[in-house]
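Worksheet: the structure to be examined is printed underneath.
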Amino acid sequence: MRRDARVNGVRLVWDEVGERGRGPALLLVHGFPLNRSMWAPQVAALAGEAYLVVPDLRGHGESEAPSGPYRMADFAADLAALLDYLELPRVVFCGLSMGGYIGFAFVRDCPDRLQGLILADTRAGADTAEQRAAREELATAVERAGSAVAVERLRPRLVAPATRAQRPDLMARLGAMIAGTPPAGLAGTARGLAQRPDSTALLSQITVPTLILVGAEDEITPPADAERLHAGIAGSTLRVLAGGGHMANLEHPEAFTAALRAFLQRL
Ligand code: MLT
127 MRRDARVNGV
137 RLVWDEVGER
147 GRGPALLLVH
157 GFPLNRSMWA
167 PQVAALAGEA
177 YLVVPDLRGH
187 GESEAPSGPY
197 RMADFAADLA
207 ALLDYLELPR
217 VVFCGLSMGG
227 YIGFAFVRDC
237 PDRLQGLILA
247 DTRAGADTAE
257 QRAAREELAT
267 AVERAGSAVA
277 VERLRPRLVA
287 PATRAQRPDL
297 MARLGAMIAG
307 TPPAGLAGTA
317 RGLAQRPDST
327 ALLSQITVPT
337 LILVGAEDEI
347 TPPADAERLH
357 AGIAGSTLRV
367 LAGGGHMANL
377 EHPEAFTAAL
387 RAFLQRL
């Protein structure tokens with residue numbers, strides 16, 4: 127069911143799927159600059175087994191795009207306010223890429239709300255000076271010419287080479303998500319990403335069950351990043367998905383969802 131409300135001063139849109147109390151509550155947090163529709167395969171597969179809350183982050187999809195920059199802590203505060211609104215004390219937090227960066231802010235600011243953590247195709251480190259400059263350049267270009275200019279800059283590296291060559295449907299879907307992100311949201315997020323802190327020191331403080339997933343061919347956050355997360359989070363489980371790129375959940379949905387399901391069943 128599609129819902130919307132003003133929480134933490136911003137109008138958010140989200141989907142709620144499944145029955146509350148039937149299985150764990152799972153919060154699915156999308157990457158940059160995408161939207162909640164990227165979770166469609168997992169929502170379809172897990173609807174009978176979990177209670178799913180799937181938001182569009184501020185500045186993305188159908189949610190409001192106030193002026194930025196949006197810090198990862200702002201996104202985390204929005205999500206905590208959404209959980210308050212839904213009267214959900216604790217969730218399993220699943221974030222892909224930027225969703226994972228937001229997961230670290232969530233761990234920092236509201237650790238008591240976590241029942242478990244799923245970190246997919248993400249990393250703990252901050253941006254390099256070069257990456258920060260590229261974010262600012264992207265933000266400026268989008269403000270000048272619209273979000274479509276971000277498609278060719280960002281989309282190629284989101285997927286594995288085989289996906290790029292053989293999945294025009296998926297490439298079109300990713301292009302539509304990027305182009306459909308409002309320029310203010312895309313620019314505000316790019317600038318917030320550049321400001322995000324290094325979360326490496328936080329890893330040893332994560333005590334909830336944690337699953338780390340990564341596509342074996344992820345070019346943005348490669349398996350070496352996932353191994354660093356695994357080494358830093360005591361008791362975590364690492365799954366490397368063969369043939370997957372950065373958007374492993376869309377490129378190999380069956381393997382990705384199976385790993386999620388196995389993790390949720392063990393909680
Ligand atoms: C994402 O998928 O969320 C982005 O690739 C993250 C990033 O740009 O660092």
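Residues 127 to 393 in my numbering are what the sequence shown spells out, letter by letter. Glycine included, each C-beta is placed from N, C-alpha and C at the ideal position.
Just so you know, the alpha carbons of S330 and E145 end up roughly 34 Å apart. Take L214, set aside five residues on each side of it, and the residues of its chain with a beta-carbon closer than 6 Å to its own are A151, in chain order.
As DSSP reads the structure, I332 sits in no beta bridge. CA-to-CA, the gap between V136 and R261 works out to about 24 Å. With respect to the 7 Å criterion, A191 and A310 are classified as neighbours on the basis of their beta carbons. Residue pairing of P181 in beta bridges, as defined by DSSP: W140.
The three-state secondary structure of A267, taken from DSSP, is helix. Contact holds between the segment 156-171 and the segment 215-226, because three or more Cβ pairs, one in each stretch, are under 8 Å apart. For G358, no pairing in a beta bridge is given by DSSP.
About 26 Å separates the CB atoms of R258 and A357; that is not less than 8 Å, and the two are not in contact. DSSP places A276 inside the alpha helix (DSSP H), whose first and last residues are 275-280. Under the DSSP definition of a beta bridge, A166 lacks any partner. Y177 and L240 have their C-alpha atoms some 15 Å from each other. Of the other Cβ atoms in all chains shown, 16 or more fall within 10 Å of the Cβ of A231; this residue is therefore buried. Residues whose Cβ lies closer than 5 Å to any heavy atom of the ligand MLT, listed in chain order: G157, F158, S223, M224, I346. Separation of D351 and V155 (C-alpha to C-alpha, rounded to the nearest whole angstrom) is 19 Å. Pairing V340 with L364, the inter-Cα distance amounts to about 8 Å. For T363, the pairing in a beta bridge is given by DSSP as L337. With 16 or more neighbouring CB atoms inside 10 Å of its own CB, L264 falls in the buried class.
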